[in-house]
Amino acid sequence: MKTQAKQVNPSLARFTDKRPVLSVVIIELLLLVAMFVAGAFATIQELSYTAPVLIAFIPISIVLIACLTWKKSWGRYGFRPLSTIPARNWMYYLPLVLALLIVALNGFRSFTIKEAMFFVFFTLMVGFVEETVYRGLILHILLRHKSVTAAVLTSSLLFSVTHVLNMLSGQSAEDTLVQLVYALLTGAALALLIVKNHNIIPLIIYHFIHNLIQFLGQDGRGVSVWDYVILVILLLHCLWLMFSLKKNSAVPGVSGSTKEMA
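Residue numbers (the numbering used here): 14 to 275.
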């Protein structure tokens, strides 16, 4: 059954309730500005390529943890026990496992324990921040006021837009285009999964493992046929999830979507 949003006095309503679109725009702009400023500082100081993310994401993660704890809203944004996911719904994560296996096919470079530990921290932080912002805050705000389709598309497009910054790193146009489409389809699949299961933990785990494999993988690899295979998998994954949600919503007493993740 659809969750009915509480009737709130307009004068007492939260800013995100009164201005949902503006709230999403502000969140996205704040993240982009933080990344731009951190990138500019790292460039001037000639810091390592991971420095911009560290400079921007460490304070962001601290703020997110503090706010979610202070407002006791972890569950609202999908931080729930994995046991809350119905056993039959775990099959919807299998395409992500397949994508990880394909990413790992490129092999791994040699690395030290210290380097591995750093990238575990780095990629876990990135996974936490990006999933909390896009599949937590932004998607949650949009689902309260917009359709599932609009919420998923908007959050996915914004997630993809943040990767435009990679164009500044000098990579080829093909690499950038594939990365943007990759981010768009990944964002859509993950957004549909949280609409399906209301749990952000598996998404953070996937994001973390995916990025960790890439950082510890072989250097200097451009776009390959396997990247296009993953794009097809993600596209089919999105279609599968959309069909599942539509099918569930057509069954009396069963909702494949929700206007609000309580």
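Each residue gets a CB set at the ideal place from its N, CA and C atoms; glycine is no exception.
Take I154, set aside five residues on each side of it, and the residues of its chain with a beta-carbon closer than 7 Å to its own are T29, P33, S36, V37, in chain order. With a cut-off of 8 Å on Cβ pairs, the region 120 to 137 is not in contact with the region 186 to 195, counting fewer than three such pairs.
According to DSSP, residue pairing for G230 in a beta bridge involves F121.
A distance below 7 Å separates the beta carbons of I217 and G140. Fewer than three pairs of CB atoms, one per stretch, sit closer than 8 Å, so the region 156 to 175 makes no contact with the region 71 to 83. Here V242 has I115 as same chain residues with Cβ atoms under 8 Å from its own Cβ, once five neighbours each way along the sequence are excluded.
In this structure, the straight-line span from the alpha carbon of L252 to that of V208 is close to 14 Å. Going by beta carbons, L197 and L254 fall outside the 7 Å limit. The Cβ atoms of L152 and S168 sit closer than 7 Å to each other.
In the DSSP assignment, L244 falls within the unbroken alpha helix (DSSP H) covering 238 to 262. Buried is the label assigned to Y147, since at least 16 other Cβ atoms lie within 10 Å of its Cβ. At least 7 Å separates the beta-carbon of F70 from that of L229. For the pair I75 and T56, the Cα-to-Cα distance works out to about 24 Å. Shown here, Q58 sits in coil according to DSSP, grouped into three states, outside any helix or strand.
DSSP, read as helix, strand or coil, puts T63 in coil. Under the three-state reduction of DSSP, F92 is assigned to coil, being neither helix nor strand. Boundaries of the alpha helix (DSSP H) around T167: 161 to 174. Only residues of its own chain outside the window of five on either side were considered, and among them Y219 have a CB closer than 6 Å to the CB of L109, listed in chain order. In the structure shown, the three-state DSSP call for R32 is coil. In this structure, E144 lies near I213, with their beta-carbon atoms less than 7 Å apart.
When rounded, the separation of the alpha-carbon atoms in P215 and A100 is 14 Å. The beta-carbon distance between L244 and V194, rounded to whole angstroms, is 6 Å. This is short enough to meet the 8 Å contact definition. Per DSSP, reduced to three states, the secondary structure at K85 is coil, with no helix or strand assignment.
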